[in-house]
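For what it's worth, the numbering used here labels the leading residue of the sequence shown as 3, then goes sequentially.
Every residue gets a Cβ at the ideal spot worked out from N, C-alpha and C, and that includes glycine.
For clarity, every value in this text was computed on a predicted model and none was experimentally measured.
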Amino acid sequence: MIHTRIFPVDMTTDECFSQKLFDLARTSPRTRDVAIFCASQLVWLMVGFAIGPSFPLSLMLAPILFLPWGVSLVLSQWVKRPRPFHQEHYKPLIHLFVETSSFPSSHATVAFALVAAFVGDVRVWPFMLLGAILVALGRVAVGVHYASDVVVGALIGFGLGYVMNIAFTLFGLAFFAYV
3 MIHTRIFPVD MTTDECFSQK LFDLARTSPR TRDVAIFCAS QLVWLMVGFA IGPSFPLSLM
63 LAPILFLPWG VSLVLSQWVK RPRPFHQEHY KPLIHLFVET SSFPSSHATV AFALVAAFVG
123 DVRVWPFMLL GAILVALGRV AVGVHYASDV VVGALIGFGL GYVMNIAFTL FGLAFFAYV
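Laid out in structure tokens, this is it:
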């Protein structure tokens, strides 16, 4: 059964936008598949591209990704916001292998930390930004996050990733210089 919803007066803008994006993703098999790809696989393609065949690059990229991801996980355990599909009682378009709380989105955190890692490389940075935006929208479209979850995840990922990238640059270890 497809969940449909008429927006009540007390529904927040965040919930309303998130529900509309989820409904849009379910309008056709094609939009559903695109949303699932963006929500589930795209971030791993971005990580694979960032690392490439170089093991030293993966060592440099690890702290830029893991610090923001760790902060996201700690915040998630502290806030414990229910996922939209639990709160609104519908089936999301993807299955979560690990059930964590909704806020903030770890996928958005990692995707935007990748954007921060490439901020100095004008050839790659715009593509990473586009990919990160698609990951964030995908997580909302498949029904596993509210829009505010991915916005805060993006701020954490880019903010901490950018600070770490600056720190690496100060020590002559700019990630993008080795790509």
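- The three-state secondary structure of Tyr148, taken from DSSP, is coil.
- When DSSP states are grouped into helix, strand and coil, Leu98 belongs to the coil group.
- Cβ-Cβ distances below 6 angstroms link Ser78 to Thr102 and Ser103 in the same chain, with the five nearest sequence neighbours on each side left out; the list follows chain order.
- Taking a 10 Å sphere around the C-beta of Trp71, we find 16 or more other C-beta atoms and assign the residue as buried.
- Counting the other Cβ atoms within 10 Å of the Cβ of Pro84 gives fewer than 16, which makes it exposed.
- Burial state of Ser30 is exposed, judged by a 10 Å Cβ sphere holding fewer than 16 other Cβ atoms.
- Rounded to whole angstroms, His97 and Gly145 show a C-alpha spacing of 10 angstroms.
- If you ignore the 5 residues before and after Gly140, its C-beta comes within less than 6 angstroms of the C-beta of Ala37, Cys40 and Ala41, all in its own chain and listed in chain order.
- Between Gly159 and Ala115, the gap from beta carbon to beta carbon is short of 7 angstroms.
- Setting aside the 5 residues that flank it on each side, Ser108 is surrounded in the same chain by Trp71, Ser74, Leu75, Ser78, Thr102 and Gly155, each with a C-beta closer than 8 angstroms to its C-beta; the list follows chain order.
- If you look at Ser20, you'll find it in the alpha helix (DSSP H) that goes Thr15 to Ala27.
- In the DSSP annotation of this structure, the continuous segment of the alpha helix (DSSP H) that includes Arg32 starts and ends at Pro31 to Ile38.
- A straight-line Cα-Cα distance of about 25 angstroms links Ser60 and Phe99.
- With a cutoff of 7 angstroms on beta-carbon distance, Ile66 and Gly163 are scored as near each other.
- Separation of Val165 and Trp46 (C-alpha to C-alpha, rounded to the nearest whole angstrom) is 23 angstroms.
- The C-alpha of Leu44 lies about 21 angstroms from the C-alpha of Gly161.
- For Phe120 against Val112, the beta-carbon gap comes to about 13 angstroms, at or over 8 angstroms, which does not count as contact.
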